[in-house]
Amino acid sequence: AAIASAAALPAVPRDESDRGFVVATSGANTANTIFALFALVALGTPRTGVTVAIDRAEVPFALPILLVAAATAAACGFALVLLVGDAYLRVVGNADYTRLSVGVLGLLAGISYAFAGVFGVGVFVASGALGLVPPRVGARRVHLMGVLIGPLIVG
1 AAIASAAALP AVPRDESDRG FVVATSGANT ANTIFALFAL VALGTPRTGV TVAIDRAEVP
61 FALPILLVAA ATAAACGFAL VLLVGDAYLR VVGNADYTRL SVGVLGLLAG ISYAFAGVFG
121 VGVFVASGAL GLVPPRVGAR RVHLMGVLIG PLIVG
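Numbered per UniProt numbering, the sequence shown spans residues 1 to 155.
So, in structure tokens, the structure goes:
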């Protein structure tokens, strides 16, 4: 979805770049969800986190019902953006990003400790440090995604 959003951005007029980014990202994410539902029904294999949850919850794979649920969620999201979008942007625009970042970092460390103890916090710190390497050497962080291929092949 991120690649599709980035590919669509050159078609967005300059004066509408912020709104165009939101539209492109939303459209790509919606399309990704619909394609994942089709893949789940056609192949019986979940391809995203949501479809894994649907599969594990043993929800019947009735495509019309799943598509209606996706359309309902999209409509609710559209309505929420119209209702609270501007207020949300004002709040986020005035946020103290240092305090917000420290709070999120603390929350993630706490969750890591709650789920995996000291070992989880160690993995969290190591992965955070690893994420700082690519900008230092002039690479992109996306190349770190290669670390996921091992567990995917084994699992």
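Note that the Cβ used here is the ideal one computed from N, Cα and C, for glycine as well.
Whether residue i touches residue j by CB criterion (8 Å)
{"i": "ASP55", "j": "LEU40", "result": "yes"}
{"i": "GLY120", "j": "SER127", "result": "no"}
{"i": "ARG140", "j": "GLY131", "result": "no"}
{"i": "PRO134", "j": "LEU144", "result": "yes"}
Residue span of the alpha helix (DSSP H) that contains residue i, given as start and end
{"i": "VAL147", "result": "Counting along the chain, VAL147 falls outside any alpha helix (DSSP H), and DSSP gives it neither H nor E."}
Where residue i falls, given that 16 or more other Cβ within 10 Å makes a residue buried
{"i": "THR33", "result": "buried"}
{"i": "ALA62", "result": "exposed"}
{"i": "LEU37", "result": "buried"}
{"i": "ALA75", "result": "exposed"}
{"i": "LEU66", "result": "buried"}
{"i": "THR51", "result": "buried"}
{"i": "ALA95", "result": "exposed"}
{"i": "ALA53", "result": "exposed"}
Below-8 Å beta-carbon distance, residue i vs any chain D residue
{"i": "LEU82", "result": "Note that chain D does not occur in the displayed structure, where there is just one protein chain."}
- Every unbroken alpha helix (DSSP H) inside the UniProt domain "DUF112" (17-145) [4 residues or more]: Runs of the alpha helix (DSSP H) inside the UniProt domain "DUF112" (17-145): 17-43, 49-56, 63-93, 97-131, 133-137.
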